[in-house]
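In the working numbering, the protein residues as written are 18 to 504. The next block holds one structure in the form of structure tokens; read it before the comments.
Shown next as structure tokens:
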């Protein structure tokens, strides 16, 4: 319905323009100044019926396709070079700026001294679209926002391979900006090629027809040829747009195939839990956050770090994640950090493939998602989920991932009370054989997770309470922790 409405608006707009054109042509009453729509459309059909014009049209189309292909290939290569090597970017930036600043007509006149008439339009279109394509690629691969940084850290924690990061992180993140550059280049190509043809006058070209019509003062022919160029340019842009859509869908099909293939395992999961020891930690975060801070967590223990906001709970987990990476760490971040181009099931299965192979990874991921009440969302993408569902999908990934140390940052945020009880049960099952560190600011959650609770306070951070919950009831733990917080 939305597309039909859009099409109707477009048709109405064109109809209004033609009506205004007809009115002005009748008012001026001079075909040389402004020919009527009827005369122009008659000339369009006359041109389309000529074999000579058909040959010229396909010659121009060939030049457009050649210059566009060269621009996309050269711009992509140069953009990657500039994005990953700052020296190259500094070297080529003045050249690209000079091309942008130079008038097209001046470049065409200069090119007439260097090239044959057939080569001038291709050269001009290539030269003028190259900065557009290059800039788009540089923007796609060099400008990193906060979300990109977080996804890169997630990929490092879950040990994604270089190929996995390229296919499911780098390329999907870059695709919109690169697509924008390709569309812009496509929109400029026909105009630039025809402008080059008007001045270089190749033997067979629409631009040559346009120049001849202007010389003999055939206004209707000039208008007709201009409309043909506009229509051809629009069709070229539409074809480019549909090609990019098809390319995106092909990438989605390739990703689906990747997860269906049963590739063998290539890494060995950690065999046992690891003890965690933080010794003499000192950190500045605008203020002195940690000063000679030390704490130990025995292997196969469950510990909860409790503190108010801003006291460095997440910072402490990040330190542990970096320190214990070689032993095998799984991390449930505060934000879900799911890959937008993959479904929920694929997000969970992706880091498991290197440890279990394709089929087992898929089965393990599905089993965990079912346990976390996400069975109806297996094929959904992250943007189709609620905040709580995204958090549970990230939880499934962290619970499934083979590790010696499991880190949980505010694990039950955005979850309702009844669901939390189910999630706690799953966590206890997954904690077996792992060293678990969870951080929260909620004493009720802490009492239900922990075997051991550490309450952090003040700056620089110190341990205000170290409570072993093994022999205490949940109510006693809650009362003790809340009392310590209030105290």
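For every residue, glycine included, the Cβ atom is placed at its ideal position computed from N, Cα and C.
With distances taken between CA atoms, residue 199 lies nearest to 90 out of 481, 90, 39, 358.
Here residue 350 has 426 as same chain residues with Cβ atoms under 6 angstroms from its own Cβ, once five neighbours each way along the sequence are excluded. Just so you know, the alpha carbons of residue 265 and residue 72 end up roughly 34 angstroms apart.
When the beta-carbon positions are compared, residue 372 and residue 284 come within less than 7 angstroms of each other. Collapsing the DSSP output to three states places residue 39 in a helix. Secondary structure at residue 458: coil, using DSSP grouped into helix, strand and coil.
If you ignore the 5 residues before and after residue 261, its C-beta comes within less than 8 angstroms of the C-beta of 196, 199, 200, all in its own chain and listed in chain order. Residue environment analysis places residue 247 among the exposed positions, since fewer than 16 neighbouring C-beta atoms fall within 10 angstroms of its C-beta. In this structure, the straight-line span from the alpha carbon of residue 231 to that of residue 239 is close to 6 angstroms. Distance from the CA of residue 234 to the CA of residue 49, rounded to the nearest whole angstrom, comes to 7 angstroms. Beta-bridge partners assigned by DSSP to residue 425: 349, 455. Taking each of 475, 187, 486, 433 in turn and checking the Cα distance to residue 464, the smallest one comes out for 486.
Residue burial annotation: residue 401 is exposed, with fewer than 16 other C-beta atoms found within 10 angstroms of its C-beta. For secondary structure counted as the beta strand (DSSP E) over 3 or more consecutive residues, the region 321-399 holds these complete runs in sequence order: 346-349. The shortest C-alpha to C-alpha distance from residue 220 to any of 404, 503, 63, 70 is the one to 70. Using a Cβ-Cβ distance cut-off of 8 angstroms, the region 332-345 and the region 420-438 are in contact, since at least three pairs of beta carbons, one from each stretch, lie closer than that value. In the same chain as residue 474, and ignoring 5 residues on each side of it, the C-beta atoms closer than 6 angstroms to its own belong to 481, in chain order. For residue 501, same chain residues with a beta-carbon under 7 angstroms away, outside a window of 5 residues either side, are 472, 481, 482 in chain order. With a cut-off of 8 angstroms on Cβ pairs, the region 153-160 is not in contact with the region 323-332, counting fewer than three such pairs. Ranking 365, 399, 370 by CA distance to the CA of residue 384 puts 365 first. Three or more Cβ pairs drawn from the region 209-218 and the region 138-152 lie within less than 8 angstroms of each other, which places the two stretches in contact. For residue 153, no beta strand (DSSP E) segment is defined; the enclosing uninterrupted segment is the alpha helix (DSSP H) at 136-159. Between residue 498 and residue 329, the C-beta spacing is not below 7 angstroms. In the DSSP annotation of this structure, residue 432 is not part of any beta strand (DSSP E), being labelled neither H nor E. Shown here, residue 478 sits in coil according to DSSP, grouped into three states, outside any helix or strand. Taking a 10 Å sphere around the C-beta of residue 223, we find 16 or more other C-beta atoms and assign the residue as buried.
Around the Cβ of residue 150, a 10 Å sphere holds 16 or more other Cβ atoms; the residue is buried. When rounded, the separation of the alpha-carbon atoms in residue 45 and residue 32 is 20 angstroms. Buried is the label assigned to residue 77, since at least 16 other Cβ atoms lie within 10 Å of its Cβ. In the three-state reduction of the DSSP assignment, residue 314 falls in the strand class, which pools E and B. Leaving aside the five residues that flank residue 170 on each side, none in its chain has a CB nearer than 7 angstroms to its CB. Between residue 64 and residue 245, the beta carbon gap of about 7 angstroms places them in contact (Cβ cut-off 8 angstroms). Shown here for residue 100: same chain residues with a beta carbon closer than 7 angstroms to its own, the five before and five after excluded, namely 154, 155, 158, 159 in chain order. Straight-line measurement puts the Cα of residue 41 at about 36 angstroms from the Cα of residue 146. With respect to residue 318, residue 309 sits apart: the two C-beta atoms are not nearer than 7 angstroms. Looking at the DSSP output, residue 471 sits in a beta bridge with 322, 483.
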